[in-house]
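Enquirer: Residue numbers (the numbering used here): 11 to 509.
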Amino acid sequence: MTRLERLEAGQPIVFGGNRVAYVTPELAEAFAPGDHLIVVQETGDLLHVPVAEHEIVEAAVSAAFDGFAGLTQCSDDQISDFFARFAALLADDDAFAPIAEANVADVESARRRGRSTTRLDLSPTMRADMIAGLGGWERAESGRDATVDVVEHDGWNLEARRAPLGIVAFVFEGRPNVFADACGVLRSGNAVVFRIGSDALGTASAIVEHALRPALEGAGLPIGSVQLVESAARSAGHALFSDRRLALAVARGSGAAVAQLGAVASQAGIPVSLHGTGGAWIVAGESCDPDALDAAVRHSLDRKVCNTLNCLVILRADADLLVPVALDALRRAGEARQTHTRLHVVEGSQEFVPAELFETVVTIDRAAGSVDEPVASALAESDLSVEWEWENSPEITLVIVDALDDGVDLFNRYSPHFVASLISADPAEHERFYAAVDAPFVGNGFTRWVDGQYALDKPELGLSNWQGGRMLGRGGILSGDSVHTVRYRATVTDTATRR
Numbered sequence: 011m012t013r014l015e016r017l018e019a020g021q022p023i024v025f026g027g028n029r030v031a032y033v034t035p036e037l038a039e040a041f042a043p044g045d046h047l048i049v050v051q052e053t054g055d056l057l058h059v060p061v062a063e064h065e066i067v068e069a070a071v072s073a074a075f076d077g078f079a080g081l082t083q084c085s086d087d088q089i090s091d092f093f094a095r096f097a098a099l100l101a102d103d104d105a106f107a108p109i110a111e112a113n114v115a116d117v118e119s120a121r122r123r124g125r126s127t128t129r130l131d132l133s134p135t136m137r138a139d140m141i142a143g144l145g146g147w148e149r150a151e152s153g154r155d156a157t158v159d160v161v162e163h164d165g166w167n168l169e170a171r172r173a174p175l176g177i178v179a180f181v182f183e184g185r186p187n188v189f190a191d192a193c194g195v196l197r198s199g200n201a202v203v204f205r206i207g208s209d210a211l212g213t214a215s216a217i218v219e220h221a222l223r224p225a226l227e228g229a230g231l232p233i234g235s236v237q238l239v240e241s242a243a244r245s246a247g248h249a250l251f252s253d254r255r256l257a258l259a260v261a262r263g264s265g266a267a268v269a270q271l272g273a274v275a276s277q278a279g280i281p282v283s284l285h286g287t288g289g290a291w292i293v294a295g296e297s298c299d300p301d302a303l304d305a306a307v308r309h310s311l312d313r314k315v316c317n318t319l320n321c322l323v324i325l326r327a328d329a330d331l332l333v334p335v336a337l338d339a340l341r342r343a344g345e346a347r348q349t350h351t352r353l354h355v356v357e358g359s360q361e362f363v364p365a366e367l368f369e370t371v372v373t374i375d376r377a378a379g380s381v382d383e384p385v386a387s388a389l390a391e392s393d394l395s396v397e398w399e400w401e402n403s404p405e406i407t408l409v410i411v412d413a414l415d416d417g418v419d420l421f422n423r424y425s426p427h428f429v430a431s432l433i434s435a436d437p438a439e440h441e442r443f444y445a446a447v448d449a450p451f452v453g454n455g456f457t458r459w460v461d462g463q464y465a466l467d468k469p470e471l472g473l474s475n476w477q478g479g480r481m482l483g484r485g486g487i488l489s490g491d492s493v494h495t496v497r498y499r500a501t502v503t504d505t506a507t508r509r
């Protein structure tokens, strides 16, 4: 077998069976002996993984491989003790001080570079949520070897028993709280490898040094059972998600980068949990109460995460009544954050929005800084698929349709098949909506309920939309007790038994 040692500018790379991508001069110059090239079969993207990044990931996954084997010899009480110690260290002000210091440095660095800090700031609320999540894992039942089913036969019986999956990899951008969430896979006996974006790597390293590793050592768990990939390079994520030793790959976040990670893992044969695009939809139904719509819009725009309201659908017959309600709710959501808001209006729906909003310019808070933009602007229907990654200024799309079925059709055609909410007082309309809309999360009010810890009282490891297909055998919320497989154990009681 010949190894790839160099690339040449313009070199053709076949992908997808009958398509060709070409090596750029920059890639050819950067590629060195020992480096890896990952060809994304869906898109033809050529991903360069330098040998140094590959070796960092290789070491982390190898340590996790050994850690997973070691966990089989650890008791459930030891795992509970780990969560208790981890929570106690995060709650201890002395232990937390260097973590907080590292986070301040990360936030300041991100702001200087015009990066979003909405999920990076390890606030008192985030700290408290991390501690509470770890406490939940401490109290949770293990289920590592729980009996799922027993089938009795003449002379023998068969047990179906839960078992750990193996190594679970997490890639997440600027989210320190995911450490507490994703460590939940230890509850069911799995090992975990983290890769965090460069914005939060300092915070992550401090959490490992001052809380996570001491908790592992104190509980007597293998150090390898939780590993952080110590690299700020995006290519480390590509290397991690292409390591076939993984049992599951989880990407937190949304957008093209997450979709690309999912494609890398899928073509390596690794099961994936992710949603490449977020953003929730609210549809004002035929029996929509204005006050209910007002509350749903405002309470779905308190901050920007994947389940934040992104697209609002209003029926033409009710537009004169409900559009002003929605615009006022949007405005008040901005006021609650002490900022202005942005409205994108699908072409053909502008007549229901005051003309002056398209001409009025306000200051919008973007990750790169404040910019002057119109309050409202027109948008092509095809751009209903765009998720607005706003920093501080709430931002949504408005579209007017003739009938409920038209709103459902737009959702099924353009949305990430994620969160859909119908505001209506008619139970029959809700049943129609639920049957027709292609989404794993369907509600009748605010959209921000889509969260594992909030909805299920379990720390969330990740959410999945149906953009890439429906989940097999589990829901769209991935929690610690979701990460398991089933083994079968036969016990023969009559040695004369044969087929």
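Even glycine gets a Cβ: it sits at the ideal position worked out from N, Cα and C.
What are the boundary residues of the alpha helix (DSSP H) that S276 is part of?
Expert: A266 to Q277 is the extent of the alpha helix (DSSP H) around S276.
Enquirer: Whose CA, out of G27, P60, A38 and P43, lies closest to the CA of V3?
Expert: Summary: the structure shown does not reach residue 3, with the chain confined to residues 11 through 509, and so no result is reported for it.
Enquirer: Along the chain, where does the beta strand (DSSP E) containing G472 start, and where does it finish?
Expert: Per DSSP, G472 belongs to the beta strand (DSSP E) from E470 to L473.
Enquirer: Have a look at the DSSP bridge pairing and note the partners of F180.
Expert: Answer by DSSP bridge pairing, in chain order: F204 and V260.
Enquirer: Using a 10 Å radius around the Cβ and a threshold of 16 neighbouring Cβ atoms, would you call Q348 buried or exposed?
Expert: Exposed.
Enquirer: Helix, strand or coil for D155 per DSSP?
Expert: Reduced to three states, the DSSP call for D155 is coil.
Enquirer: What three-state label does DSSP hand C193 in the structure shown?
Expert: Of the three classes helix, strand and coil, the one that applies to C193 here is helix, per DSSP.
Enquirer: With a threshold of 6 Å on Cβ separation, who are the neighbours of G344 within its own chain once the five nearest residues in sequence on each side are excluded?
Expert: If we look at G344 and ignore the five residues flanking it on each side, its Cβ neighbours are H350, T351 and P404.
Enquirer: Have a look at P108 and A216 and give me their C-alpha separation to the nearest angstrom.
Expert: If I take the Cα positions, the gap works out to 7 Å.
Enquirer: On the three-state DSSP scale, how would you describe D382?
Expert: Here D382 sits in strand by DSSP.
Enquirer: Considering only residues of the same chain and omitting the five flanking positions on each side of S310, which have a CB-CB separation below 7 Å?
Expert: Around S310: A290, I292, T318, L319, F456, T457 and R458.
Enquirer: Where does T370 fall in DSSP's three states?
Expert: Of the three classes helix, strand and coil, the one that applies to T370 here is coil, per DSSP.
Enquirer: Taking the straight line between their C-alpha atoms, what separation do you get for A465 and S283?
Expert: Each residue's alpha carbon lies about 19 Å from the other.
Enquirer: Which residue marks the beginning of the beta strand (DSSP E) containing T135, and which one marks its end?
Expert: No beta strand (DSSP E) contains T135, which is instead part of the alpha helix (DSSP H) from P134 to R149.
Enquirer: Between A74 and S235, which are expected to be in contact by the criterion C-beta below 8 Å, what is the C-beta distance as a whole number of angstroms?
Expert: The pair is a contact, with the Cβ atoms about 7 Å apart (cut-off 8 Å).
Enquirer: Check each candidate in R255, H285 and S208 and name the one with the smallest Cα separation from V268.
Expert: Answer by Cα proximity: H285.
Enquirer: For L331, count neighbouring C-beta atoms within 10 Å of its own C-beta (all shown protein chains included) and say buried if the count is 16 or more, exposed if not.
Expert: L331 comes out exposed.
Enquirer: Give the range of the beta strand (DSSP E) segment to which I487 is assigned.
Expert: Counting along the chain, the beta strand (DSSP E) containing I487 begins and ends at I487 to S489.
Enquirer: Would the beta-carbon of A430 fall within 9 Å of that of V452?
Expert: Closer than 9 Å, so yes.
Enquirer: When you compare only the Cα positions, how much space is there between E8 and P426?
Expert: Residue numbering for the chain in the displayed model covers 11 to 509; residue 8 lies beyond these limits and cannot be assessed.
Enquirer: State whether the region 110–126 contacts the region 201–216, with contact taken as three or more CB pairs (one from each stretch) at a distance under 8 Å.
Expert: Contact holds: three or more Cβ-Cβ distances are below 8 Å.
Enquirer: Between A38 and E18, is the Cβ-Cβ spacing less than 9 Å?
Expert: Cβ distance < 9 Å, so A38 and E18 count as in contact.
Enquirer: For W291, which beta-bridge partners are listed by DSSP?
Expert: Per DSSP, C321 and A430.
Enquirer: Look at F182 and A192 and say whether their C-beta atoms are less than 9 Å apart.
Expert: Against a cut-off of 9 Å, the Cβ pair of A192 and F182 comes out as a contact.
Enquirer: Thinking C-alpha only, which one of L271, E151, I406 and L99 is nearest R313?
Expert: Ranking the options by Cα distance to R313, first place goes to I406.
Enquirer: Under 6 Å Cβ to Cβ from D45, same chain only, skipping five residues before and after it: list those, please.
Expert: Closer than 6 Å at the Cβ level, and outside the excluded window around D45, lie P60 and V61.
Enquirer: Quick one: what does DSSP say H350 is sitting in, helix, strand or coil?
Expert: H350 falls in the coil class under three-state DSSP.
Enquirer: Since I believe K468 is in contact with G531 (beta carbons under 8 Å), could you give me their beta-carbon distance rounded to a whole number of angstroms?
Expert: The chain is shown from 11 up to 509; residue 531 falls before or after that span and cannot be answered.
Enquirer: Return helix, strand or coil for I89, following the three-state DSSP convention.
Expert: Note: I89 maps to helix in three-state DSSP.
Enquirer: According to DSSP, what are the bridge partners of I410?
Expert: Paired residues: I324.
Enquirer: Between S359 and W476, what straight-line distance do the alpha-carbon atoms span, to the nearest angstrom?
Expert: Cα-Cα distance, rounded: 28 Å.
Enquirer: Let me check understanding here. Comparing Cα to Cα, which of D461, V447, L130 and M140 lies closest to A221?
Expert: Comparing Cα positions, the closest option is M140.
Enquirer: Should the region 161–171 be called in touch with the region 484–500, which here means at least 3 C-beta pairs below 8 Å?
Expert: Touching, per the Cβ criterion.
Enquirer: Would you grab the beta carbon distance between S126 and A377 for me? Rounded to a whole angstrom, and I think it's under 8 Å.
Expert: Rounded, the Cβ-Cβ distance is 4 Å, consistent with contact.
Enquirer: What does DSSP give as the partner residues of D375 in its beta bridges?
Expert: DSSP, once it has assigned bridges, lists S380 as partnering D375.
Enquirer: Does the region 297–310 touch the region 432–440, meaning 3 or more C-beta pairs lie closer than 8 Å?
Expert: A contact exists between the region 432–440 and the region 297–310.
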